[in-house]
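Here the sequence shown is numbered in full-length UniProt numbering, starting from 1 and rising by one per residue.
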Amino acid sequence: MGPNINVLLWNVFKCKKKGWQEDFVSLVRNKNLILLQEAVLNSPFDLHFNESQRHQWIMARSFRNIKTNIVTGVKTGAIVAANNHHFSVSAHGEPLTQTKKMLLATQYPISPVQSLLVVNSHMINFVSFEKYKAHLKQVFQALCQHTGPILLAGDFNTWNGRRLEYFNHLAASFLLEEVKLCRKPKLSHMLQHLDHVYCRGIEVIDAHVHTNIHSSDHFPISLSLRTLN
Numbered sequence: 001m002g003p004n005i006n007v008l009l010w011n012v013f014k015c016k017k018k019g020w021q022e023d024f025v026s027l028v029r030n031k032n033l034i035l036l037q038e039a040v041l042n043s044p045f046d047l048h049f050n051e052s053q054r055h056q057w058i059m060a061r062s063f064r065n066i067k068t069n070i071v072t073g074v075k076t077g078a079i080v081a082a083n084n085h086h087f088s089v090s091a092h093g094e095p096l097t098q099t100k101k102m103l104l105a106t107q108y109p110i111s112p113v114q115s116l117l118v119v120n121s122h123m124i125n126f127v128s129f130e131k132y133k134a135h136l137k138q139v140f141q142a143l144c145q146h147t148g149p150i151l152l153a154g155d156f157n158t159w160n161g162r163r164l165e166y167f168n169h170l171a172a173s174f175l176l177e178e179v180k181l182c183r184k185p186k187l188s189h190m191l192q193h194l195d196h197v198y199c200r201g202i203e204v205i206d207a208h209v210h211t212n213i214h215s216s217d218h219f220p221i222s223l224s225l226r227t228l229n
């Protein structure tokens, strides 16, 4: 993969909103790497992933509806096969449903001796700051052994400044830089930005938030990246 990589980041809201299929097909058309949160499996939308034959899809399940057997979680797609992948589940569950959140880490070859680490994460929500910190530490543990380029992205549920400040503190300790995005705040997100992208060893050529797309409660984000030698 690379050196030029086109990326889509999107929390697809369990594919529940009208028009999701058409927007998804359009958005993934030129993408080398796709990171989804609240993706689904065992649903009528499986066809859209099966038709995207350019991409290898890997999914980490966070919840299964025992009535419908529909699975939700984080899903990563790429035009090259992953060298390896692993997932981890949050130690704590969210209130009421006790749903635990997932991290999916995949590595893709970018040269004979180097790989790109991609971490797709949906952070735990509606819990204390201490439980949020515990999950965040799990996320950054996935980066510890990797010496090459890193892309860390997802729905981090940074509803307040305290969460975001701690996230940025950990990111800086791994020499990660946040991608600057021109956004439109959502009232349903309490006017906070929940989706973030952090990079190391990667040049950001372009980043675009698709504020014209409303088939999810999150705006899709497209990125043009280039791995550095």
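All C-beta atoms, glycine included, are put in the ideal place defined by N, C-alpha and C. None of these values were measured; they are calculated from a predicted model.
Item	Value
Among S115, W159, I70, S88, nearest to P3 - alpha-carbon criterion	S115
Endpoints, beta strand (DSSP E) assigned at S121	114-122
Selected residue, minimal CA-CA separation from S55, among I205, L181, S111, V80	According to the sequence shown, residue 55 is His rather than Ser. Comparing Cα positions, the closest option is V80.
Cross-strand partners of L136 (DSSP beta bridge)	Bridge partners of L136: none, in fact.
H92 and A134 closer than 8 Å at C-beta	yes
Range of the contiguous alpha helix (DSSP H) that encloses D23	20-28
The stretch 34-47 in contact with the stretch 64-82 per 3-pair CB rule at 8 Å	yes
Run of the beta strand (DSSP E) containing A91, from where it starts to where it stops	Looking at the DSSP string, A91 is not in any beta strand (DSSP E), and its letter there is neither H nor E.
As assigned by DSSP and simplified to three states, the class of R226	strand
8 Å Cβ cutoff met for M1 and N30	no
Beta-carbon contacts of V71 that lie in its chain and below 6 Å, excluding the five residues immediately before and after	L41, N42, R61, R64
Range covered by the alpha helix (DSSP H) that runs through A171	161-173
Cβ pair count under 8 Å reaching 3, the stretch 163-175 against the stretch 205-221	no
Own chain, CB closer than 6 Å to L104, minus 5 neighbours either side, in chain order	A60, V74, T76, F87, N120
Residue interval of the beta strand (DSSP E) (run including C199)	195-200
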